[in-house]
Amino acid sequence: MLNIAVFVSGRGSNLRAIYEKVPKSKVVISAVVSDKKDCKAIEFAKEKNIPVYFVSSKEKEDFISYFKLIDELKRLNVDLIVLAGFLKKIPDEFVDAFENKIINIHPALLPSFGGKGMYGIYVHQAVFNSSAKVSGATVHFVDKIYDNGKIIAQRAVDIEDVKSPEEIAERVLKIEHELLPYVVEKFADNKIKIENNRVLILE
Ligand code: GAR
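Quick look at the structure:
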């Protein structure tokens, strides 16, 4: 059984996709972590009785520090941390504490359209303005640099005929809801390996 923590900041549709699509016999979500107290993702976690934690690098009532969060997630024996629309940068000490155990979903085909400020609709606006004909979603390992870690899986989508960034967002989100549960299940099946510096997904 893979024990995961899912980090969120808003709508939580990727959290829902993991919850609904990865078999319960393979994965347990033992914590949902957010930098926002009131958001749809937190509502969903509470509805499903998943323990929630609020994290902040500043001192705030009801929020814990990243140091405390490291202790909590280790105490819960979390195997994998999934950033599913978590929009804050993860501090270096947190990345060190969970080396190769943090993954992120990004709504474009990395290494293009990533980096600081590239999140949510800003990504799709940049893709739209570039006039690119394909976009997609990327799941990658998280290291200390924004959107830089090794790529685990990607799916592309045709956007040649789109009329707005919102239309790209809609097409990409559909793919995200397939790709992220697929990758989480592959982790649960122990089918993700790093060999010769490349990430492999075994059948
Ligand atoms: C998703 O599109 C995700 O790829 C994106 O935020 C959205 C969250 O939606 N993440 C980033 O842009 C990270 N750079 P959700 O809360 O409905 O899952």
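Take the sequence shown: its position 158, counted from the start at 1, is 157 in numbering that gives the first Met the number 0, and no numbers get skipped. Even for Gly, the Cβ is constructed at its ideal location relative to N, Cα and C. All values derive from a computational prediction rather than experimental measurement.
Three-pair Cβ contact test at 8 Å for the stretch 120-131 versus the stretch 144-156:
no
Within the continuous beta strand (DSSP E) that includes LEU72, where are the two ends?
Looking at the DSSP string, LEU72 is not in any beta strand (DSSP E); the run it does join, the alpha helix (DSSP H), is 65-74.
Exposed or buried, what is PHE85 when buried is set at 16 or more other beta-carbons lying within 10 Å of its beta-carbon?
buried
To which residues of the same chain is LYS115 closer than 7 Å at the C-beta, ignoring the five residues directly before and after it?
TYR145
Check this for me: beta carbons of VAL32 and TYR52, under 8 Å apart or not?
yes
PHE186: which of ILE120, SER8, VAL27, GLY9 sits nearest, CA to CA?
VAL27
Need the endpoints of the alpha helix (DSSP H) that GLU175 sits in, please.
164-187
Excluding five sequence neighbours on each side, which residues of the same chain lie with their C-beta closer than 7 Å to the C-beta of TYR18?
ILE28, LYS47
Taking the C-alpha atoms as reference points, what is the distance between ILE102 and ARG170?
22 Å
Go ahead and label ASP201 buried or exposed: buried means 16 or more other beta carbons lie within 10 angstroms of its beta carbon, across all protein chains shown.
Note that residue 201 is Leu in the sequence shown here, rather than Asp. So LEU201 ends up on the exposed side.
Runs of beta strand (DSSP E) wholly within the stretch 17-54 (minimum 3 residues, chain order):
26-33, 51-53
Sheet register partners of ILE191 (DSSP bridge)
ILE200
Helix, strand or coil for ASP157? Go by DSSP, reduced to three states.
strand
Is it buried or exposed for LEU72, if we count other Cβ within 10 angstroms and need 16 for buried?
buried
Residue range of the alpha helix (DSSP H) that ILE131 falls in?
According to the sequence provided, residue 131 is Ala. The question's Ile does not apply to it. Neither: ALA131 is in no alpha helix (DSSP H) and is coded neither H nor E.
What number of angstroms, rounded off, separates the C-alpha of GLY119 from the C-alpha of ASP160?
21 Å
Check whether the Cβ atoms of VAL77 and TYR65 sit closer than 8 Å, and answer yes or no.
no
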